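For the sequence shown, the numbering used here begins at -18 and goes up steadily by one. C-beta: ideal position from N, C-alpha, C; glycine also. Computed from a predicted structure; not experimentally measured.
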Amino acid sequence: MRQPQPDGVLVRDIVIVGAGFAGLYMLHKSRGLGLDAVVFERGSGVGGTWYWNRYPGARCDAPSLDYCYSFSPELEQEWTWTERYAAQPEILAYLEHVADRFDLRSDIRFDTTVTAAEWLPDEERWRIRTDRGEEVTARYCVMATGCLSAPRLPDIDGIGDFRGEVLHTGLWPKEPVDFAGKRVGIIGTGSSGIQLTPIAAQTAAEVIVFQRTPVYTIPARNHPLSPDEVATVKASYRQRRELSRMSPSGLPVAVAERSALEVPDDERTAIYEQGWVDGVPILFHFNDLLVDRAANDTAAEFIRRKVREIVRDPDRASILSAHNYPIGTKRLTLDTDYYETFNRDNVSLVDLGRTPIVAVNKTGVQVQGKHYDLDMVVLATGFDAMTGALDRIDVIGEDGIRLRECWSAGPRTYLGIAVAGFPNLFLITGPGSPSVLTNMPLSIEQHVEWLAGLFTYLRENKLAAARATTAAQDKWVDMVNHAAALTLFPTAASWYMGANVPGKPRVFMPFVGGLGTYRQICDDVAADGYEGFEFESPPVHLAEDQASYHGPLAP
Ligand code: NA7
-18 MRQPQPDGVL
-8 VRDIVIVGAG
2 FAGLYMLHKS
12 RGLGLDAVVF
22 ERGSGVGGTW
32 YWNRYPGARC
42 DAPSLDYCYS
52 FSPELEQEWT
62 WTERYAAQPE
72 ILAYLEHVAD
82 RFDLRSDIRF
92 DTTVTAAEWL
102 PDEERWRIRT
112 DRGEEVTARY
122 CVMATGCLSA
132 PRLPDIDGIG
142 DFRGEVLHTG
152 LWPKEPVDFA
162 GKRVGIIGTG
172 SSGIQLTPIA
182 AQTAAEVIVF
192 QRTPVYTIPA
202 RNHPLSPDEV
212 ATVKASYRQR
222 RELSRMSPSG
232 LPVAVAERSA
242 LEVPDDERTA
252 IYEQGWVDGV
262 PILFHFNDLL
272 VDRAANDTAA
282 EFIRRKVREI
292 VRDPDRASIL
302 SAHNYPIGTK
312 RLTLDTDYYE
322 TFNRDNVSLV
332 DLGRTPIVAV
342 NKTGVQVQGK
352 HYDLDMVVLA
362 TGFDAMTGAL
372 DRIDVIGEDG
382 IRLRECWSAG
392 PRTYLGIAVA
402 GFPNLFLITG
412 PGSPSVLTNM
422 PLSIEQHVEW
432 LAGLFTYLRE
442 NKLAAARATT
452 AAQDKWVDMV
462 NHAAALTLFP
472 TAASWYMGAN
482 VPGKPRVFMP
492 FVGGLGTYRQ
502 ICDDVAADGY
512 EGFEFESPPV
522 HLAEDQASYH
532 GPLAP
């Protein structure tokens, strides 16, 4: 229900920040509840991370038939993915289709960055401010800001002095970037770097990869989807989605039942070999690869052997071989011809472990003892993950407390969805939820649908605000930490741990318990009357007018 707009301040039931997978579905769902919503989006179009990460080779590492919304069976049937792993343009086209199909654009303000959000206790509303000078108040504020949406520019001396082009993979220009004939330096060997490198090497005069930490990567074995494959999935999409919803990963993958250590060496190697040929993520084969170092070593050593087999120069193979952290504890990547690319004459590899970057200057990159002349520097240096986008907004809760201060020793949430001291502020796939360890669209759907249930509960019980209690939050944080401590994850300096950002507290941020378990926990919380939340009645001056207060709920 659209409400009056006193003094130029927009009044809405709900403000949603971000128009990626999460924001689009939250908008659609809010409308279904009869809530008057507005979305603010920094980009000029929908898509979130898929709007910004346009670098050549950008591709999802979850199968396209699963990495999409499940809430609309009609949408599932009418959209046809063309590849096993969709490339960025296809995912963006899908999200644009979703925006059009559900007529979402009219409530999205593009090219608008939310700068501040402040809780107004007397009104029990949020006041949100944007960089365009807009101000809006709303009952609910939902941060659909994404886990990998705050690109991180490295602190390298002199980077502003470079005379050639400097590009970040997460802020890639819309216009085509031509590598032809150029000397291209790529800093970073995470997913973005390993996807971009083989493509750049096809046309660039030279590609120089600056590697700080070697990655474990396996071949994606991407391929076009045949009409038969698509038809088979479409014929049983409901069952596939049910399996996915309750699985740990959010993918229709049965949980492995065996330990890697209970299988004879030759049988285990044969399983890894077959997985390598088929492009099966190696962590799916056994149930203890992320909890037992000896089991993990079997998979890690398998990848190292593959590197030695593929890369002809033994010194390069050695530099490319990851060894100082367990496989999977930094994001396992899928690639196309990454290791093979290091057999090309126009590709060089710089081991920053031996010769760190000293500075960038006008003409290129200076590492200890050597200068590399370059025409282009690509920063594939990742993101301030999971908290970065929220950190860039001045979020002020009860008693004037700031979210970034509350999180100065690491993020603390209840269920990854709410924060004590910040009533009616909700995070989609926030820290403390399974998020980045799962198939994101399904994790997003779970949060949005759970929030829809909460909003309905508030409406039906004539309540104004839901506030996570500190006790419930503390208990949840302990649970998240305890679960992580049972795994090998905390042993790596990963972005899951905040370790890629100097000064960021080292806390393992996602919940490792899996999507199915997490869904059950959230459902139980709801069934217990939203245990862990306290509720506020509407302020007296608004209590009479329930319809303008919450907006009507759709039947
Ligand atoms: P990642 O996975 O965080 O990778 C960033 C890479 O950049 C990684 O190799 C970093 O090395 C490297 N890096 C970062 N800062 C520097 C500096 N200052 N010097 C040299 N190298 C540096 O980001 P991506 O964009 O590749 O992928 C992010 C996620 O998107 C990915 O996991 C998928 O989920 C999709 P480090 O390992 O920190 O030593």
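Residues in the same chain with beta-carbon distance under 8 Å from residue i, minus the five sequence neighbours each way, listed in chain order, please.
i, result
"residue 497", "226, 227, 228, 229"
"residue 333", "191, 192, 193, 348"
"residue 67", "40, 41, 45, 48, 75"
"residue 450", "395, 401, 513, 514, 515"
"residue 338", "137, 168, 191, 346, 347, 348"
"residue 373", "131"
"residue 202", "65, 258, 259, 260"
Would you tell me roughly how many angstroms separate the C-alpha atoms of residue i and residue j, rounded to the nearest one?
i, j, result
"residue 238", "residue 265", "10 Å"
"residue 263", "residue 253", "7 Å"
"residue 117", "residue 208", "47 Å"
"residue 437", "residue -10", "26 Å"
"residue 525", "residue 489", "Because the pLDDT at residue 525 is just 46, under 50, the model does not fix this residue reliably, and the value given afterwards should be weighed accordingly. Approximately 45 Å, taken between the alpha carbons."
"residue 442", "residue 302", "58 Å"
"residue 417", "residue 152", "20 Å"
"residue 493", "residue 4", "24 Å"
"residue 328", "residue 321", "10 Å"
"residue 500", "residue 424", "9 Å"
"residue 285", "residue 205", "29 Å"
"residue 97", "residue -4", "12 Å"
"residue 538", "residue 361", "Lying outside -18 to 536, the shown extent of the chain, residue 538 is not represented and no answer is given."
"residue 536", "residue 392", "Because the pLDDT of residue 536 is 28, which lies under 50, any placement of that residue in the model is unreliable, and the number read from its coordinates should be weighed accordingly. Approximately 37 Å, taken between the alpha carbons."
"residue 155", "residue 69", "12 Å"
"residue 37", "residue 504", "41 Å"
"residue 85", "residue 130", "21 Å"
"residue 82", "residue 125", "20 Å"
"residue 548", "residue 281", "Given a span of -18 to 536 for the chain in the structure shown, any question on residue 548 remains unanswerable."
"residue 243", "residue 272", "15 Å"
"residue 529", "residue 459", "Note that residue 529 has pLDDT 44, beneath the 50 cutoff, so the model's placement of it is unreliable and the number below is only indicative. Approximately 39 Å, taken between the alpha carbons."
"residue 433", "residue 17", "14 Å"
"residue 483", "residue 389", "13 Å"
"residue 87", "residue 64", "31 Å"
"residue 111", "residue 297", "49 Å"
"residue 200", "residue 255", "12 Å"
Could you tell me which residues DSSP puts in a beta bridge with residue i?
i, result
"residue 399", "395, 407"
"residue 579", "Outside the shown range of the chain, which is -18 to 536, sits residue 579, and nothing can be said about it."
"residue 500", "BP columns for residue 500 are empty, so no partner."
"residue 483", "Looking at the DSSP assignment, residue 483 forms no beta bridge with any residue, so it has no partner."
"residue 192", "332"
"residue 149", "360"
"residue 352", "347"
"residue 412", "414"
"residue 187", "164"
"residue 21", "-2, 90"
"residue 446", "517"
"residue 117", "-9, 109"
"residue 376", "98"
"residue 548", "It is not possible to answer for residue 548, since the shown part of the chain is limited to -18 through 536."
"residue 229", "Residue 229 pairs with nothing; no bridge assigned."
"residue 208", "Paired residue(s): none; residue 208 is not in a bridge."
"residue 40", "68"
"residue 123", "-3, 407"
"residue 383", "377"
"residue 132", "364"
Residue i and residue j look like a contact to me (Cβ under 8 Å); what is the Cβ gap, rounded to whole Å?
i, j, result
"residue 292", "residue 323", "5 Å"
"residue 90", "residue 99", "Not really, about 19 Å apart at Cβ, beyond 8 Å."
"residue 319", "residue 175", "5 Å"
"residue 363", "residue 277", "Their Cβ separation, rounded to whole angstroms, is 23 Å, which puts residue 363 and residue 277 out of contact at 8 Å."
"residue 157", "residue 300", "Contact doesn't hold; Cβ gap of about 32 Å is too wide."
"residue 179", "residue 317", "6 Å"
"residue 307", "residue 469", "4 Å"
"residue 32", "residue 426", "That belief does not hold up - the Cβ atoms of residue 32 and residue 426 are roughly 20 Å apart, past 8 Å."
Kindly list the residues whose CB is nearer than 7 Å to the CB of residue i, restricted to its own chain and excluding five residues on each side of it in sequence; keep chain order.
i, result
"residue 405", "107, 120, 121, 122, 446, 447"
"residue 402", "378, 379, 382, 387"
"residue 527", "Reliability of the predicted coordinates at residue 527 is poor, the pLDDT of 47 falling under 50, and the value obtained from them is presented with this limitation in mind. Cβ within range, chain order: 443."
Among the residues of its own chain, which have a CB less than 6 Å from the CB of residue i, if the five just before and after it don't count?
i, result
"residue 43", "420"
"residue 0", "20, 22, 27, 89"
"residue 170", "192, 196"
Give the list of continuous alpha helix (DSSP H) stretches no shorter than 4 residues that lie fully inside the segment 67 to 110.
69 to 82
Give the list of continuous alpha helix (DSSP H) stretches no shorter than 4 residues that lie fully inside the segment 236 to 302.
246 to 259, 274 to 291, 295 to 301
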